[in-house]
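Using my numbering, you'd call the opening residue of the sequence shown number 3 and step up by one each time. In what follows, a structure is listed as structure tokens, so that the remarks can point back to it.
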Amino acid sequence: MNRNQQLQDSTAPTQRICQRTRFCKQGQIHWVSWILIISLAVLIEPNLSAEQAGQKAATAGPQATTSQWPLFRGDPLSTGVAHGELPAKPSLLWKHKVKDGAFEATAAIVENTVYVGDLDGTFYALDLNTGKPKWTFTTKDKDGFYASPAVYQQRVYVGDLFGRFYCLDAATGKKLWEFETKAEIDSSANFYRGNVLVGSQDATLYCLESASGKLIWKHTIEDQIRCTPTVVDARCFVAGCDGKLHIIDLEKGVSVANVDIGGPTMATPAVRGDLAYFGSESGTFFCVNWKQANVVWRYEPKRGRGVRSSAAASDKIVIYGNRSREVRGMHPVSGKQLWTFNTKQRVDSSPIIVGQRAFVGSSDGRLYGLNLQTGKKEWEYEAGGGFAASPAVAAGKLVIATDDGVVYCFGKQP
3 MNRNQQLQDS TAPTQRICQR TRFCKQGQIH WVSWILIISL AVLIEPNLSA
53 EQAGQKAATA GPQATTSQWP LFRGDPLSTG VAHGELPAKP SLLWKHKVKD
103 GAFEATAAIV ENTVYVGDLD GTFYALDLNT GKPKWTFTTK DKDGFYASPA
153 VYQQRVYVGD LFGRFYCLDA ATGKKLWEFE TKAEIDSSAN FYRGNVLVGS
203 QDATLYCLES ASGKLIWKHT IEDQIRCTPT VVDARCFVAG CDGKLHIIDL
253 EKGVSVANVD IGGPTMATPA VRGDLAYFGS ESGTFFCVNW KQANVVWRYE
303 PKRGRGVRSS AAASDKIVIY GNRSREVRGM HPVSGKQLWT FNTKQRVDSS
353 PIIVGQRAFV GSSDGRLYGL NLQTGKKEWE YEAGGGFAAS PAVAAGKLVI
403 ATDDGVVYCF GKQP
């Protein structure tokens with residue numbers, strides 16, 4: 003019996019709000035140093051704004067670059083913004099079918115390897131250029147993966163549906179250590195200095211030593227944690243099923259502030275500067291000033307369904323999907339709706355921004371490429387199986403998996 007079955011009859015009413023329908027059989031630094039760090043960041047990646055470069059310098063952990071997508075939303079800030087470009091109309095380069103499998107997790111891409119786990123308990127490392135397996139890892143009781151992997155310093159970190167959190171060797175798949183929480187892990191990992199952060203449905207955010215899995219501290223809230231923790235400087239943001247955005251001190255593991263959002267959420271906050279963006283199960287979308295711990299604006303549609311899609315945020319637009327079959331583009335400062343694109347089914351997949359386009363999957367089985375300014379469809383691919391997973395982009399390729407067990411890779415034909 004897996005952890006889901008064990009907890010099914012004992013789930014509290016407040017927890018049921020956040021339950022998901024599955025598709026499967028389913029310190030100080032001298033100011034001179036700061037200038038040097040920021041200057042180097044701008045030189046290395048000239049397409050970054052000064053704000054992005056400053057935040058990258060102040061945020062520890064792996065970063066999205068043109069050659070890698072190491073975290074669920076690409077970077078510690080969870081912006082969902084890719085560096086580099088894709089063709090206007092990407093071509094299918096390869097697909098990898100898993101027998102009797104299903105995917106809801108978003109892939110990570112590091113050093114020409116795609117890392118992703120399925121809902122039947124197998125974790126895959128695939129060659130980015132061919133789609134061929136490099137290695138696989140299977141969990142003890144075949145408890146699957148909803149969480150997306152995080153890859154850092156040649157190690158893969160990922161949690162399963164039983165509540166075990168694994169550290170694997172990125173080159174071989176060998177298990178280096180594991181840490182057991184008390185409930186399912188939907189949260190993907192993030193990093194702060196030498197520590198790895200992960201949330202669990204046991205309502206706890208864990209801070210572990212990344213090399214050994216040793217518990218450094220834990221922070222418990224009033225209900226489940228399903229989102230990925232977002233990291234900025236020495237602060238962490240967790241949007242919880244208890245209806246609050248939690249701002250946590252990463253040095254001490256204590257609460258700095260909470261922002262009441264009036265209902266549960268499982269979406270991961272995206273941070274740009276002082277602002278955090280995310281939606282809730284009521285369909286309301288929030289912009290929160292995390293330094294002042296207050297709501298700057300909120301968008302409440304007349305007939306809204308839940309927002310499980312995590313936003314992609316640039317300095318010009320914020321994009322998210324919802325269960326009302328829509329993808330919305332919002333102005334990041336004013337909260338004005340810029341455009342809406344309608345799909346045929348719910349959009350739990352989280353969009354990403356690549357150049358002048360946004361890419362997002364839908365449960366209607368289609369992957370869409372939308373014009374960033376207008377929201378008009380410029381490209382689509384009909385896969386058949388639905389998309390709960392989100393796209394990952396690196397090395398000129400887009401990778402995404404479906405709920406019927408296929409990993410797809412798109413890019414420019416050689």
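Just so you know, even glycine gets a beta-carbon here, dropped at the ideal spot from N, CA and C.
Cβ-based burial, residue i [other Cβ within 10 Å; buried from 16]
i      : result
GLU328 : buried
ASN296 : exposed
GLY367 : buried
ASN192 : buried
GLU302 : exposed
GLU283 : buried
ASP244 : buried
ASP262 : exposed
GLY29  : With a pLDDT of only 34 at GLY29, under 50, the local geometry of the prediction cannot be trusted, and the value read off the model is given with reservation. GLY29 is exposed by the Cβ-count criterion.
SER190 : buried
LYS142 : exposed
THR174 : exposed
LYS58  : Per-residue confidence for LYS58 stands at a pLDDT of 49, beneath the threshold of 50, marking its modelled position as unreliable; no derived number is given.
LEU252 : buried
C-alpha distance - residue i paired with residue j, whole-angstrom precision
i      : j      : result
ASP276 : ASP102 : 44 Å
TYR154 : LYS304 : 42 Å
LYS346 : ARG195 : 43 Å
GLY161 : VAL118 : 11 Å
GLN156 : VAL112 : 9 Å
GLU106 : ILE355 : 20 Å
GLY413 : THR67  : 16 Å
GLN375 : PRO231 : 29 Å
GLU416 : THR81  : The amino acid occupying residue 416 in the given sequence is Pro; Glu does not appear at that position. Taking the straight line from one Cα to the other gives about 30 Å.
PHE361 : LYS97  : 18 Å
GLU224 : ILE187 : 16 Å
PHE418 : PHE280 : In the structure displayed, the chain extends from 3 to 416; residue 418 sits before or after that span and is not available.
VAL200 : ASP171 : 18 Å
LYS136 : ALA278 : 37 Å
GLN203 : LYS184 : 8 Å
SER254 : PHE74  : In the sequence on display, residue 254 carries Lys and not Ser. Answer to the nearest angstrom: the Cα atoms are 25 Å apart.
SER214 : LEU178 : 8 Å
ALA315 : LYS176 : 35 Å
VAL298 : GLY133 : 44 Å
VAL290 : VAL256 : 20 Å
LYS220 : LYS378 : 44 Å
TRP292 : PRO78  : 15 Å
GLN358 : PHE343 : 16 Å
PHE287 : PRO266 : 12 Å
LEU94  : GLN65  : 26 Å
GLU365 : GLY387 : Looking at the sequence provided, one finds Ser at residue 365 rather than Glu. Each residue's Cα considered, the two are about 8 Å apart.
GLY264 : HIS248 : 13 Å
THR270 : ASN114 : 26 Å
ALA127 : LYS338 : 41 Å
ALA149 : ALA84  : 20 Å
Cβ-Cβ distance between residue i and residue j below 8 Å
i      : j      : result
THR108 : ALA391 : yes
ALA272 : ALA313 : yes
TRP381 : LYS144 : no
VAL309 : GLY63  : no
LEU130 : VAL395 : no
ARG228 : MET268 : yes
ARG274 : PRO353 : no
ILE321 : ARG330 : yes
PHE389 : GLY371 : no
ASP350 : ALA104 : no
GLY76  : GLY398 : no
Close beta carbons around residue i, own chain, < 8 Å, minus the five adjacent residues each side
i      : result
ARG307 : GLY285, ASN324, ARG325, SER326, ARG348
THR140 : GLY123, THR124, PHE125
Own chain residues within Cβ distance below 6 Å of residue i, not counting five before or after
i      : result
VAL409 : HIS98, ALA403
ARG166 : GLU180, GLU182
TYR383 : LEU369
VAL100 : ASP120, GLY407
VAL158 : TYR117, PRO151, LEU170, ALA172
Spatial neighbours of residue i in its chain, beta-carbon cut-off 7 Å, leaving aside the 5 residues before and after
i      : result
ASN197 : CYS209, LEU210, GLU211, SER212, ILE218
ALA205 : THR222, ILE223, GLU224, ASP225, GLN226, ILE227
Residues bridged to residue i (per DSSP)
i      : result
LYS246 : ASP262
THR342 : ARG330
GLU180 : TYR168
PHE193 : VAL198
ILE321 : ALA314, GLY331
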